[in-house]
Amino acid sequence: IIDSERVLSTINPFSYFSAARKIAKFNPDMLIMKYWMPFFGPSLGTVAKKLSKNTKSIAILDNVLPHEKRFFDKAFNSYFLKRIDGFIAMSEQVKGDLLKLKPNAKVILLPHPIYNHFGENIDKQTALEKLGLQENKKTLLFFGFIRDYKGLDNLILAFNKLDKSYQLIIAGETYGSFDKYQNLINENSNKENIKVFNDYIPDNAVTEFFSAADVCVLPYRSATQSGITGISYNFGLPILATNKGGLKEFIEHGKTGHIVSDSSPELIKQGIEDFFSSYNFDDMSKNIAKVKAELSWEYFAKEIIKFSSTI
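Spelled out as structure tokens, the structure:
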């Protein structure tokens, strides 16, 4: 664990300058920033602008174009992108989006490394018991921040069409209200097999959810990439995802997961049934282990350092 001090507030412009001054005292060779929505453009862009020209600013891009559009997106994006020396795109789609906005951008594609700080798997039966789930069910997991574009409503509708041999875990806090999802659950003929944990999931509890599940489901309407793939692979868990954005770049159909062609409830339902009837879980686990070995944080760091020498 690295001690840190929180000095930058996106809603306090004075903090932009004080944060830049504190960073400048280190005289760093590189400033590496994570960027996933234009709202952060003014704060991060100002910090980068105020540092010495000897400090190379590099942005790791989860997204360039936001999933939910706001009137300030174009201006805030432009302000930020102009002040960054180099970019690391998490997927081909993100790279393409960046080059449309900044054609001369210096950018490399570097897939997200595997999250490995959540600990190891625990016994499946123990995990199911801790979460109050049944042992004799095929267990689906929807994990992470709940936002409209992630298609949880379609997954709930798909679950309504499945037989009683399945159970669904929904784990994560909601961006906005959970009411529309709860209404769909209440109307679901399979509702007794849906378990909801509508809250932030602390790091030390993540292993319980992924150890209990048979597959992680990403029913996204749109996507560039998802950090959930890295968490899922860390626990050796295959992924069922829609064929959206960069998701398909990180899931090898039939090897590390299953891709469905759209986010409709009918296709998600069919994809879930196909997944459980078509694949050998031991083989998938071996394939995921290979991916996990390739996407290390050490490799990611070395590639960033190599890239910085070209800027």
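Position in the sequence shown (first residue = 1) + 86 = my numbering.
All C-beta atoms in this analysis are idealised placements derived from N, C-alpha and C, irrespective of residue type, glycine included.
Mapping DSSP to helix, strand and coil, what is residue i?
i	result
residue 306	coil
residue 93	coil
residue 253	strand
residue 182	helix
residue 267	helix
residue 121	strand
residue 342	coil
residue 281	strand
residue 313	helix
residue 261	coil
residue 299	coil
residue 166	helix
residue 201	coil
residue 107	helix
residue 248	coil
residue 292	helix
residue 158	coil
residue 274	coil
residue 320	helix
residue 234	helix
residue 223	coil
residue 188	coil
residue 101	helix
residue 137	coil
residue 240	helix
residue 218	coil
With DSSP as the reference, please indicate the residues paired to residue i in a beta bridge.
i	result
residue 116	142
residue 286	Answer is none; residue 286 lacks a bridge partner.
residue 173	145, 193
residue 228	256
residue 327	304, 345
State the CB to CB distance for the pair residue i and residue j, rounded to an integer number of angstroms; the pair is presumed to be in contact (CB under 8 Å).
i	j	result
residue 150	residue 187	6 Å
residue 257	residue 295	5 Å
residue 243	residue 351	4 Å
residue 228	residue 276	Rounded, the Cβ-Cβ distance is 14 Å, inconsistent with contact.
residue 261	residue 238	Not a contact, Cβ separation roughly 11 Å.
residue 214	residue 206	Not a contact, Cβ separation roughly 17 Å.
residue 284	residue 250	So it is not a contact: roughly 23 Å between Cβ atoms.
residue 184	residue 147	6 Å
residue 397	residue 171	5 Å
residue 124	residue 158	7 Å
Do residue j and residue i come within 8 Å of each other at the CB atom, strictly closer than that value?
i	j	result
residue 106	residue 136	yes
residue 208	residue 293	yes
residue 177	residue 332	yes
residue 166	residue 191	no
residue 253	residue 216	no
residue 380	residue 196	no
residue 153	residue 308	yes
residue 360	residue 344	yes
residue 93	residue 108	yes
residue 298	residue 219	yes
residue 201	residue 373	no
residue 375	residue 322	yes
residue 259	residue 235	no
residue 353	residue 303	no
residue 358	residue 230	no
residue 325	residue 301	yes
residue 383	residue 99	no
residue 306	residue 327	yes
residue 402	residue 225	Within the shown structure, residues of the chain are numbered from 87 to 397, placing residue 402 beyond reach of any answer.
Any heavy atom of the ligand ATP closer than 7 Å to the CB of residue i?
i	result
residue 279	Ligands in the displayed structure: none, and consequently the ligand ATP is not present.
Which full runs of the alpha helix (DSSP H) of 4+ residues lie inside the region 360–386, going along the chain? 367–380
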